[in-house]
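J.: I am attaching a structure below and will ask some questions about it afterwards.
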Amino acid sequence: MSEKKIKNTRIRIAVYEGEGAGPSRVDLLDVLGKAKGKPVFEIVRMDALAIRQGGLSEVDVLIQPGGSGGKQGRALESKGREAVREFVKEGGGFIGICAGAYLATNDYPWSLDLIDAMVIDREHWARGTGIVTIELSSAAQAFFGIEEKTLQIFYGQGPLLGRRELDDPFVPDYESLALYRTEIAKKGAPEGVMPGTSAIVRTQFEKGRVFCFSAHPEKTDSLGYMVEKAVRWAAGRQLIRRSV
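All the letters of the sequence shown, read from the start, carry residue numbers 0 to 243 under numbering that gives the first Met the number 0.
Written out as structure tokens, the structure is:
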């Protein structure tokens, strides 16, 4: 079988496993390992050093899991962060879950600058964990292939994503696929801030694709399919067709 045909029969996924990656990566690996669709998933684990040394050239999609976005970003160092950006620019896919979604924004010195998004109420990022309700857009319902408009999902202190008043001309805007409708407001976090912020977003970054979950579908019973759908989308190369 030719190299091209071999590549077309699989999607090669790198799951970040290094400084800042939390225990939820075990749930993520379990969900990916159970994926039944085609092309099949081929999963490797990759740390910051491997990314800096060019390891992303061997994969189609990078997943930055839950944990600490700051620790992940600082572990990558500027060279690793630029390697991720170049990977996506050239057609690679990026999935950010919780910490990985913080990492994807352009809101911190250690950010990857993949989506033009601010993190709302950064002061109270550690606002607690629990089950929350999200509301899907019609585009998200079609994308995930479900009729439900609202879903229950586990939230683990992920970013409350919002748009900026002034666009960053160098970072693409995002499409919001789901909004938080209920909230977690513990540990001194003010009430009324979380509802209406984005819970799931995606964008096109030059030739590549970026998909971020603020919450944890991989840690929520029956929502693991969302991760598989996102990976298959991120591995694609065609442009997003936005509805008007």
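Glycine included, C-beta positions come from ideal geometry on N, C-alpha and C.
By how many angstroms is the C-alpha of Thr128 removed from the C-alpha of Ile119?
T.: So the two alpha carbons sit approximately 17 angstroms from each other.
J.: Residues in its own chain within less than 8 angstroms of Lys78 by CB, not counting five upstream and five downstream?
T.: Arg51
J.: How big is the Cα-Cα spacing for Ala74 and Ser221?
T.: Their Cα atoms are separated by approximately 32 angstroms.
J.: If you compare alpha carbons, which of Glu81, Ser137, Met117, Ser67 is closest to Gly19?
T.: Checked all of Glu81, Ser137, Met117, Ser67; the closest Cα to Gly19 is Ser67.
J.: Can you find the residues in the same chain that come closer than 6 angstroms, C-beta to C-beta, to Val83, ignoring five residues on each side of it along the sequence?
T.: Leu111
J.: Does the distance from the C-beta atom of Tyr179 to that of Arg162 stay below 9 angstroms?
T.: no
J.: Using a Cβ distance threshold of 8 angstroms, determine whether the stretch 86-100 contacts the stretch 136-146, with at least three qualifying pairs required.
T.: no
J.: Since Ser23 is in the alpha helix (DSSP H), which residue starts that stretch and which ends it?
T.: 23-32
J.: Compare the Cα-Cα distances from Ser213 to each of Gly207, Thr104, Tyr224, Arg80 and report the closest residue.
T.: Thr104
J.: If Ile133 and Leu113 are in contact, beta carbons under 8 angstroms, what's the gap, nearest whole angstrom?
T.: Actually they do not touch by this definition, with Cβ atoms about 21 angstroms apart.
J.: Contact defined as beta carbons within less than 8 angstroms: I believe Ile42 pairs with Leu31. What is the distance between those atoms, to the nearest angstrom?
T.: About 5 angstroms separates the two Cβ atoms, so the contact holds.
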